[in-house]
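In the numbering used here, the protein residues as written are 13 to 169.
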């Protein structure tokens with residue numbers, strides 16, 4: 013377990029990181045396969061395509077990818093498409109650090125807030141995001157037990 017974030021480096025992803033990004037996402041979301049009727053969207057994403065359209069920021073330690081955040085500006089908000097933390101490194105504050113980073117990106121881009129989607133069945137994620145100041149804006153039923161929860165965090169006073 014890392015005692016401090018000082019040992020990790022936050023950097024922007026490069027194309028060569030895509031295979032590691034894909035592998036980390038598979039490990040990070042595997043725990044939800046027993047909870048959701050279908051694999052979570054990030055597990056089936058085309059990361060070559062996503063890399064061309066989205067921003068990926070990585071937390072690395074001694075060359076090892078520990079966590080990532082995938083974002084894209086949409087309207088007046090920064091959409092957090094994906095936050096993935098290596099299962100062996102969860103509960104170290106890495107995801108929280110990346111969420112704060114996304115908020116900083118939104119502010120520096122003149123955006124009004126951040127937005128993300130999660131599945132209603134992922135109760136631990138809902139609680140985590142609520143602790144970070146996100147509020148449920150709406151839910152969309154996609155059928156077969158897949159209910160997307162749109163959560164937002166305003167950065168405007």
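Backbone N, C-alpha and C define an ideal beta-carbon position, used for all residues, glycine too.
Consult DSSP for residue i and reduce its assignment to one of helix, strand or coil.
i: residue 160; result: strand
i: residue 124; result: coil
i: residue 29; result: helix
i: residue 140; result: helix
i: residue 16; result: Only weak support is given to the placement of residue 16: the predicted model assigns it a pLDDT of 45, under 50, and the value that follows is read from those uncertain coordinates. Here residue 16 sits in coil by DSSP.
i: residue 60; result: helix
i: residue 152; result: strand
i: residue 45; result: coil
Give the straight-line distance between the Cα atoms of residue i and residue j, rounded to the nearest whole angstrom.
i: residue 70; j: residue 34; result: 12 Å
i: residue 118; j: residue 93; result: 14 Å
i: residue 99; j: residue 147; result: 25 Å
i: residue 40; j: residue 82; result: 14 Å
i: residue 108; j: residue 51; result: 24 Å
i: residue 31; j: residue 153; result: 32 Å
How many whole angstroms separate the CB atoms of residue i and residue j, which I take to be in contact at a CB cut-off of 8 Å?
i: residue 79; j: residue 110; result: 6 Å
i: residue 115; j: residue 167; result: 6 Å
i: residue 84; j: residue 67; result: 7 Å
How about residue i: is its C-beta nearer than 7 Å to some C-beta of chain D?
i: residue 33; result: Looking at the structure shown, chain D is missing, and only one protein chain is on hand.
For the structure I just gave you, are there three or more beta carbon pairs, one from the segment 133 to 152 and one from the segment 65 to 83, closer than 8 Å? no
Just checking, does the segment 151 to 158 make contact with the segment 119 to 128 on the three C-beta pairs under 8 Å criterion? no
Please go through the segment 69 to 128 and give each complete beta strand (DSSP E) segment of 3 or more residues, from N-terminal end onward. 76 to 86, 89 to 97
Would you check if the segment 56 to 70 and the segment 18 to 33 touch, i.e. whether three or more CB-CB distances between them fall below 8 Å? yes
Counting beta carbon pairs with one atom in the segment 140 to 154 and one in the segment 98 to 105, are three or more of them shorter than 8 Å? no
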